[in-house]
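Colleague: Take a look at this one; I'll ask things after.
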């Protein structure tokens, strides 16, 4: 009879996730996972279906952690907290951010084969966006906008937040603290919301 391993799939997933957080996906191997777990590589090969499956599960955990960042009640303004959480995730979880947006899992939209890690990350991004849109349904800062209009505003805010996140993640900007990030995002959000309100008024039919 085969020797029963004392490590579960969840143990191995947690160890692999820790490796990726510390060293990046490119350094996530059976050997590095075993070292993190404090075991030989045998349990890794026994429990894992494949590295592709492991990558998909790590991607899911990374997206869930990113959403935790984005749903923290830091400023008491949902719209602002989403951007702040996204940028702080990029700054504090550099390897996970790279995995989600710049790593080997990224493929051009629509080109990744179904079931692959590249396809999974696209699915997870849609899931994350839908989760955030749902939180904006009763947002006071976006009162008066339809859900379609809120989605457009969130998309525009994400473009700005992503640019700032990449600059911090790559080290191009390294001396920005939370207060400076909040100030930038607040100013951008104010411009977006006021600009959208102005456009909405201009597009109203003349009475």
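Residue numbers (the numbering used here): 12 to 218. Built from N, CA and C at the ideal position, the CB exists for glycine as well.
In the structure shown, what three-state DSSP assignment does residue 186 receive?
Modeller: The residue given as residue 186 occupies position 175 in the chain shown. Under the three-state reduction of DSSP, residue 186 is assigned to coil, being neither helix nor strand.
Colleague: On the three-state DSSP scale, how would you describe residue 88?
Modeller: For the purposes of this step, residue 88 is taken as the residue at position 77 of the chain shown. Coil, per DSSP.
Colleague: Excluding the five sequence neighbours on either side, which residues of its own chain have a C-beta within less than 8 Å of the C-beta of residue 152, listed in chain order?
Modeller: In the chain shown, residue 152 corresponds to position 141, counting from 1. Counting only residues of its own chain and dropping the five nearest sequence neighbours on each side, residue 152 has a CB closer than 8 Å to the CB of 88, 89, 90, 91, 200, 204.
Colleague: Can you give the Cα-Cα distance for residue 202 and residue 25, rounded to whole angstroms?
Modeller: One-based indexing of the chain shown puts residue 202 at position 191. One-based indexing of the chain shown puts residue 25 at position 14. Their backbone Cα atoms lie some 41 Å apart in a straight line.
Colleague: Between residue 179 and residue 111, what straight-line distance do the alpha-carbon atoms span, to the nearest angstrom?
Modeller: Translated into positions along the chain shown, residue 179 becomes position 168. Translated into positions along the chain shown, residue 111 becomes position 100. So the alpha carbons of these two residues sit roughly 15 Å apart.
Colleague: Is residue 156 helix, strand or coil when you go by DSSP?
Modeller: In the chain shown, the residue the question calls residue 156 occupies position 145. Correct three-state label for residue 156: coil.
Colleague: Pick out whichever of 65, 94, 54 has its Cα sitting closest to the Cα of residue 140.
Modeller: For the purposes of this step, residue 140 is identified with residue 129 of the chain shown, where counting begins at 1. For the options 65, 94, 54, the alpha carbon positioned closest to that of residue 140 is the one of 94.
Colleague: Between residue 68 and the rest of its own chain, which residues show a CB-CB distance below 6 Å, the 5 nearest in sequence each way excluded?
Modeller: Residue numbering aside, residue 68 sits at position 57 when the chain shown is read from its first letter. Closer than 6 Å at the Cβ level, and outside the excluded window around residue 68, lie 24.
Colleague: How is residue 17 classed by DSSP in three states: helix, strand or coil?
Modeller: On the chain shown, residue 17 is found 6 positions in, with the first residue counted as 1. Three-state result, residue 17: coil.
Colleague: DSSP three-state call for residue 49: helix, strand or coil?
Modeller: For the purposes of this step, residue 49 is taken as the residue at position 38 of the chain shown. Residue 49 falls in the coil class under three-state DSSP.
Colleague: Please state the DSSP three-state secondary structure of residue 54.
Modeller: Start at 1 with the first residue of the chain shown, and residue 54 comes out as number 43. It is helical.
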